[in-house]
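Residue numbering for the sequence shown follows the numbering used here, starting at 3 and increasing by one per position.
Glycine residues also receive a C-beta, built at the ideal position from the N, C-alpha and C atoms.
The model shown is predicted, which means the values in this text are computed figures rather than measured ones.
Written out below as structure tokens is the structure these notes cover.
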Amino acid sequence: MNFSKFFSNPHNTLITAAMLTVAFSAESADTPIPLKNAFKNAFMIGVALNQRQFTEQDTNGAALVKRQFNAISPENVMKWESIHPGLGTNGYNFEAADRYVEFGEKNGMFIVGHTLIWHGQTPRWVFQGEGTNAITREALLERMRDHIHTVVGRYKGRVKAWDVVNEGLSEDGSLRKSQWQRIIGDDYIAKAFQYAYEADPKAELRYNDYSIENERKRAGVLALVKKLQAEKVPIGGLGSQTHANLTWPSADLLDSALTAFAELGIPISITELDVNASQGGQRSQSAEVSQNAQSSAGSVVDAANQKLAEQYASLFRVFLKHRKNIKLVTFWGLTDRDSWRRAGKPLLFDGEWRPKTAFDAVIAEATKNP
Ligand code: XIL
């Protein structure tokens, strides 16, 4: 290129500088259109945060969250073991959860609470009676009521949606035989929603689970929600975790599931989106936390970045088709480095907070279907 031509003509020099600026910003972490703006006519875009992000110790992470997202979920700090580690009234620890909620409020974000009743990350003592005695149904219900009233009550009006019950179903669509189910009985789910409603009647009370696109589990979730609705249990939303891999869910499977969920007449949220690109992750599509090592085994597949972009584009095409019923799409983590499945490089930002090809693919879907 003959630069002297530009330098001799001030007008051309100006155009060249402007062009350089555009090329530079498209490549830096400072992407031209943030996700939350690209999808503003469709649904909110959320991200699960760890403590370093919402305390802004991770300054790059916090800045990226503020720029790209308008909703947040707490990856771990509101789970029972974190917020209520011990027995009795002194057993609560709200420090981290308070900071999480303050971060969301300061930045005008939609704040999600995750999660009240789950088989995971719940201390053993919760299910133990006094001495060597087994805990009774009544005593466990009382413990559940105290937990839900205390936690939901503390953030009343501030946390806008709660995952009240998480992962209550098995792959075959029957109720999971968790300690909650075994000790209390099937109605533990209805009770949890009732207690949450007593503590904050205005919050969106969600049932949340994984792999509910699959036929049998889908039938189970539809039956469960319809039964709760028939019993006038205050369920206000359905969360589909959507821990995906490169081929699951297919566009057809996702489309038919979202069509079926729409019948329930409650808002749908995609609550824990990620796309596992590890070799192990292609063999198993379960989001069972205890099986996470297998799902993260091996390095990423060949051409992972390109395949990731294609799967993300396919998923967002279907989400956009169902935008009338979808209120929120939340990613389970900010960057590949933060992810619970980091070996599978499953997110839109790499370990250096830079947007990947998949980020551009997701933005492109929004641009095609604004
Ligand atoms: C995961 C977290 O990301 C990990 O940091 C933690 O060690 C285990 O739990 N389904 C859920 C989430 O509902 O709470 C899980 O989060 C992932 C699967």
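With H, G and I counted as helix, E and B as strand and the rest as coil, what does DSSP make of residue i?
i	result
Ser-316	helix
Glu-29	Low confidence applies here, because Glu-29 scores a pLDDT of 40, under 50, leaving its location unreliable; read the following figure in that light. The answer is helix: DSSP assigns Glu-29 an H, G or I state.
Gly-267	coil
Lys-329	strand
Ile-35	coil
Val-364	helix
Gly-239	strand
Thr-337	strand
Ser-286	coil
Phe-45	coil
Asp-257	helix
Ser-297	helix
Thr-244	coil
Ser-292	helix
Ala-50	strand
Asn-371	coil
Thr-57	coil
Leu-322	helix
Thr-359	helix
Asp-352	coil
Val-24	With a pLDDT of 42 at Val-24, under the threshold of 50, the predicted position of this residue should be treated as unreliable, and no value is reported.
Assuming contact is defined by CB atoms lying nearer than 8 Å, are residue i and residue j in contact in what I supplied?
i	j	result
Ile-214	Ala-246	no
Val-277	Pro-348	yes
Leu-330	Met-46	yes
Asp-211	Gly-238	no
Trp-164	Leu-226	no
Ser-172	His-121	no
Leu-196	Tyr-190	Here the sequence assigns Gln to residue 196, which means Leu is not the residue at that position. Cβ distance not < 8 Å, so Gln-196 and Tyr-190 don't count as in contact.
Val-166	Tyr-102	no
Ala-315	Glu-274	no
Met-111	Asn-135	no
Leu-248	Val-303	yes
Val-79	Ala-99	yes
Ala-44	Ile-365	no
Glu-77	Gly-335	yes
Thr-1	Asn-168	No answer is possible for residue 1: it lies beyond the span of the chain, which begins at 3 and ends at 372.
Arg-139	Gly-187	yes
Thr-337	Asp-352	yes
Ile-119	Gln-130	no
Ala-360	Ala-305	no
Ala-201	Gly-133	no
Shortest alpha-carbon distance to residue i belongs to which of the options?
i	options	result
Gln-70	Asn-371, Arg-356, Gln-123	Arg-356
Ser-271	Glu-132, Thr-244, Gly-187	Thr-244
Asn-294	Ala-306, Ser-280, Asn-307	Ser-280
Arg-325	Thr-261, Ser-75, Lys-228	Thr-261
Ser-389	Leu-266, Pro-269, Val-320, His-149	The chain is shown only over 3 to 372; residue 389 falls outside these bounds and no answer can be derived.
Glu-144	Thr-117, Lys-193, Val-154, His-116	Lys-193
Gly-175	Gly-222, Ala-141, Ala-205	Gly-222
Lys-358	Pro-372, Lys-309, Lys-370, Trp-334	Lys-309
Ser-298	Asn-62, Pro-269, Arg-344, Leu-336	Arg-344
Ile-328	Gln-123, Gly-335, Phe-318	Phe-318
Thr-152	Ala-40, Asn-39, Asn-95, Pro-236	Asn-95
Ile-35	Val-49, Val-291, Leu-66, Glu-97	Leu-66
Thr-124	Glu-132, Gly-241, Leu-256, Met-146	Met-146
Arg-93	Ile-186, Ala-201, His-149	Here the sequence assigns Gly to residue 93, which means Arg is not the residue at that position. It is His-149 whose Cα lies nearest to the Cα of Gly-93.
Gly-267	Glu-290, Pro-236, Val-291, Gly-282	Pro-236
Gly-241	Ser-75, Lys-68, Thr-57	Ser-75
Ile-185	Leu-142, Ala-201, Trp-250, Arg-156	Leu-142
Ser-341	Lys-38, Leu-37, Val-49	Val-49
Lys-68	Leu-37, Lys-81, Thr-91, Glu-97	Leu-37
Leu-219	Glu-97, Leu-255, Ser-292	Note that residue 219 corresponds to Lys in the displayed sequence, not to Leu. Lys-219 has its Cα closest to that of Leu-255, out of Glu-97, Leu-255, Ser-292.
Arg-178	Glu-290, Gly-346, Arg-339, Ala-198	Glu-290
Ala-205	Glu-97, Pro-269, Ala-264, Asp-60	Pro-269
How about residue i: is its Cβ closer than 7 Å to a heavy atom in ligand 2?
i	result
Thr-249	Of the ligands one can find in the structure shown, namely ligand 1, none is ligand 2.
Checklist entry - Any contact of the stretch 48–61 with the stretch 81–88, i.e. 3+ C-beta pairs under 8 Å? => result No, the stretch 48–61 is not in contact with the stretch 81–88.
Item to check | Validate contact between the stretch 149–163 and the stretch 105–123 using beta carbons, cut 8 Å, 3 pairs | outcome: The answer is yes - the stretch 105–123 touches the stretch 149–163, with three or more Cβ pairs under 8 Å.
Item to check | Whole beta strand (DSSP E) elements within the stretch 124–189, 3-residue minimum | outcome: List check, beta strand (DSSP E) in window: 163–168.
Next on the checklist: Threshold first: 4 residues or longer. Then list the alpha helix (DSSP H) segments lying entirely within the stretch 67–133, N to C.
Outcome noted: As for any alpha helix (DSSP H) of minimum length 4 sitting wholly inside the stretch 67–133, the runs are 82–85, 97–108, ordered along the chain.
Checklist entry - Is the stretch 282–295 close to the stretch 227–238, with three or more CB pairs under 8 Å? => result Contact between the stretch 282–295 and the stretch 227–238 is absent, because fewer than three Cβ pairs lie under 8 Å.
Next on the checklist: If we require 4 or more residues per run, which alpha helix (DSSP H) segments fall completely within the stretch 201–237?
Outcome noted: If we require 4 residues or more, the alpha helix (DSSP H) runs fully inside the stretch 201–237 come out as 217–232.
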